[in-house]
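What follows is one structure encoded as structure tokens, with my remarks underneath.
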DNA sequence: TCAGTTTGTCCACATGTTAGACAAAGTTAA
DNA sequence: TTAACTTTGTCTAACATGTGGACAAACTGA
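Below, the structure is given as structure tokens:
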């Protein structure tokens, strides 16, 4: 039933504690580790020597003295293994080879012109194989593959529905595991981005953070107590389909007045066409509208502000429900930031129940953060480090 | 910084594991505890003997043999200590003395005609003193006081705002601690009810549960991963103030189109008056309307269904956001269940994103559950059992 | 040059879990 | 009635691990 506690667990936990300390404060001396963790100096010495044997830690030259013997600095051996993390978007694959700190070694970008799963899958395999070739020799090699997808993923790594790819019931985790035979993690793109931003986007990571991915649809990744929350089956965060306008516009989900019918890229483009904001021979896109806004096209700016108003309503709702520390807006519509940021902040400040608004921060991210990739890499790394503990 | 792991911690954790096993499966033999927990028989024996010394466990007579020596059955000593839990409502105090399993020993109910804090506080103190007198002698005596309040409570037990009591910035935890000198826990009433229902309302407690308290206002208690989620400052769950109708009715919170302006007791009564559903000399109340509905008053039933429709919209939003296993509707409007339950289930099933609705269950609770009291008792008990671990 | 400081290792010791022996107390079947 | 088997609970020796403190090595600063 429950897990019992014995001396082996104690050792594993302490070893993990030492390793985490070294990861977070690398480079660091044994003495400092002992001081920070509260463990005995002798204990730290013995655990560190095992970590060195296992290639997780290396010794570098002596550090600066602080009035006594010079310390031997310990480094986390970030290249003891590598992960491959992918961001599968609509029309593209972004992929990266990362080390065990999540730092990106090599990047690949590929445009996709087909959406059929079988085709896309071979591209995915190709990209991964490419990155494996670029991978330096290391003690542990490839320790995991993480892939973020724009759709609903259950706890078994199965994609139940990815509307913009027109995929249904695809067991991607299985399929990739069969090919590469390493742990594979499949997660919703917004969830991964949320986790990635929490881990890498702040000096001190926020405890409770919501990441709104506002693209063609709207998804939300929730990091509560520094942990990704995904609900009973993994479907939590379907923010695009909360009702903001009773008896509002029909949504393909079968409901009416859904948030994403008012505040998404899709809503933006629909309105732009309806209002004739583009001439006949232009191809409609967010970037095109942004160009016009930059050229001070008042009607476009007005449209941006209207969409921003709806986004602000959604954010206010989230603040009232979750009392979060941080909200991040990502994906395509984060580009509207210059025209809507101030309005949103003002709206939330005025309309969220008083106390919250004093602490919550609303920011915009940019695609260059590679939040999804970094999040997926984090998942893979954490799974690897946990698996180590369980085996030894 | 982090907590280190040594043999003392191991012992504490194992002791807690043994105690929890005994609590959950009382009566149980030492041998069975060893089998269930995976601990060695000898370890269990030694830990149990300490638990007996500390009065947490008692031995009862021999149990039935299963083909060998008859086991000595161990019982959780539920009366080793007691808690007092209160539900402070608008116009009443409900209070109970409970044992360490949360079972109610004695109940008190008191109507309040005043709302001024000083007055109410003396009543609270009186009720607690009454219950203390009714408390049997026990090794640990009163181990904690828990009090659920209809307002916004921060992590320090301070009531920042209780609109229906007209209280602001009241440090209730401090005040009670000063009088009784035992641990005091103050929590929002919906949060407590959520926890109480999770702990005591099901055969197997749901992992992810939302409790909607629909009274004059609407609050939500969230139990995620069997833990109460309260957000950064403790203000999470302000569901009454999420926007469901863009540019809708003004709310006292400063926002417009808030959920509680359409789906609460307040909204119900307002509409009933507006539609002239009561004669001049009747005093308006939910119970009065229910009587009329029971007498088949069609307009009242129609009004109930309209309110139910809004409740369904709110629930659908919650299902889409949280992917919960269970939703419970409590407080005054749960009484409308006979007229709205089916409609709500149907609406949620039709409008929540497909996959969720297949698993989520929406139920109504009744005040007789004493959910808030039981939740507050749980908090107090858990705090007590934790404090034991830390000291020894 | 020497006293003081810091780092890291080593060893005896305390603590707690485990495995297994064992006795007590019961059941079952001939 | 008896003998073989089962179950329970205690006890002991063996083992693993963390702790505290001694100690040597390496360095600083006056």
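Residue numbers (my numbering), protein chains in the order written: chain A, 5 to 396; chain B, 5 to 396.
The beta carbon of each residue, even a glycine, is placed where N, CA and C say it ideally should be.
Owing to the predicted nature of the structure, the values given are computational and were not obtained by experimental measurement.
* Compute the beta-carbon to beta-carbon distance between residue 317 of chain B and residue 250 of chain A, rounded to the nearest angstrom, for a pair I have assumed lies under 8 Å. => 7 Å
* Asked: In chain A, which residues lie with their C-beta within 7 Å of the C-beta of residue 439 of chain B?
  -> Any question about residue 439 of chain B goes unanswered here, given that chain B covers just 5 to 396.
* Asked: Which chain A residues are close to residue 233 of chain B, counting only those with a beta carbon under 7 Å from its beta carbon?
  -> 228
* Buried or exposed for residue 351 of chain A, please, with buried defined as at least 16 other CB atoms from any protein chain shown within 10 angstroms of its CB. => buried
* Asked: So what does residue 171 of chain B bridge to, in DSSP terms?
  -> B:166
* **CB contact flag (residue 37 of chain A, residue 61 of chain A, <8 Å)** => no
* To do: Classify residue 5 of chain A as buried or exposed, calling it buried when 16 or more other Cβ atoms lie within 10 Å of its own Cβ.
  => Its pLDDT being 36, under 50, residue 5 of chain A is placed unreliably in this model, and the value from its coordinates should be taken loosely. By the neighbour-count rule (16 or more Cβ atoms within 10 Å), residue 5 of chain A is not buried but exposed.
* Asked: Contact check, residue 386 of chain B vs residue 211 of chain B under 8 Å by CB: the rounded distance?
  -> About 17 Å; that fails the 8 Å criterion.
* Asked: Which residues in the same chain have their Cβ closer than 7 Å to the Cβ of residue 349 of chain A, if we skip the five residues on either side of it in sequence?
  -> 366
* Exposed or buried, residue 71 of chain B, counting other C-beta atoms within 10 Å across all chains shown (16 or more means buried)? -> exposed
* Asked: Between residue 389 of chain B and residue 393 of chain A, what straight-line distance do the alpha-carbon atoms span, to the nearest angstrom?
  -> 29 Å
* To do: For residue 208 of chain B, count neighbouring C-beta atoms within 10 Å of its own C-beta (all shown protein chains included) and say buried if the count is 16 or more, exposed if not.
  => exposed
* Buried or exposed for residue 339 of chain B, please, with buried defined as at least 16 other CB atoms from any protein chain shown within 10 angstroms of its CB. => buried
* **At least 3 beta-carbon pairs within less than 8 Å: the region 231-241 of chain B vs the region 154-165 of chain B** => yes
* Taking residue 141 of chain B as the reference, which of B:99, B:85, B:107 has the closest Cα? -> B:85
* To do: Compute the Euclidean distance between the alpha carbons of residue 168 of chain A and residue 167 of chain B, then round it to the nearest angstrom.
  => 45 Å
* With DSSP as the reference, label residue 368 of chain B as helix, strand or coil. => strand
* To do: Establish whether the CB of residue 363 of chain B and some CB of chain A are separated by less than 8 Å.
  => yes
* **residue 176 of chain A and residue 151 of chain A closer than 8 Å at C-beta** => yes
* Simplified DSSP assignment, three categories, for residue 349 of chain B -> helix
* Asked: Comparing the C-beta of residue 249 of chain B with each C-beta of chain A, is any distance below 8 Å?
  -> yes
* Complete runs of the beta strand (DSSP E) confined to the region 252-313 of chain B [at least 3 residues] -> none
* To do: Identify, in the order they occur along the chain, each residue of the same chain with its Cβ nearer than 6 Å to the Cβ of residue 335 of chain A, setting aside the five sequence neighbours on each side.
  => 217, 218, 219
* Going by C-alpha distance, which of A:143, A:92, A:156, A:104 is nearest residue 127 of chain A? -> A:92
* What does residue 324 of chain B pair with, by DSSP beta-bridge criteria? -> Looking at the DSSP assignment, residue 324 of chain B forms no beta bridge with any residue, so it has no partner.
* Buried or exposed: residue 154 of chain B, going by 16 or more other Cβ atoms within 10 Å of its Cβ? -> buried
* Using a Cβ-Cβ cut-off of 8 Å, state whether residue 9 of chain A counts as contacting chain B. => yes
* Which residues in the same chain have their Cβ closer than 6 Å to the Cβ of residue 272 of chain A, if we skip the five residues on either side of it in sequence? -> 311
* **Cβ pair count under 8 Å reaching 3, the region 372-383 of chain A against the region 88-102 of chain A** => yes
* To do: Look at the alpha carbon of residue 323 of chain B and the alpha carbon of residue 309 of chain A, and state the distance between them as a whole number of angstroms.
  => 29 Å
* By the 10 Å Cβ neighbour count, where 16 or more other Cβ atoms means buried, how is residue 2 of chain A classified, buried or exposed? -> Because chain A spans 5 through 396 in this model, residue 2 of chain A falls outside it and cannot be assessed.
* If we count the other Cβ atoms within 10 Å of its Cβ and call it buried at 16 or more, is residue 285 of chain A buried or exposed? -> exposed
* **Cβ neighbour criterion (16 or more within 10 Å) applied to residue 82 of chain B** => buried
* Asked: Does the beta-carbon distance from residue 384 of chain A to residue 131 of chain A come in below 8 Å?
  -> no
* Could you give the distance in angstroms between the alpha-carbon of residue 347 of chain A and the alpha-carbon of residue 234 of chain A? -> 30 Å
* Asked: For residue 248 of chain A, which three-state DSSP category applies?
  -> coil
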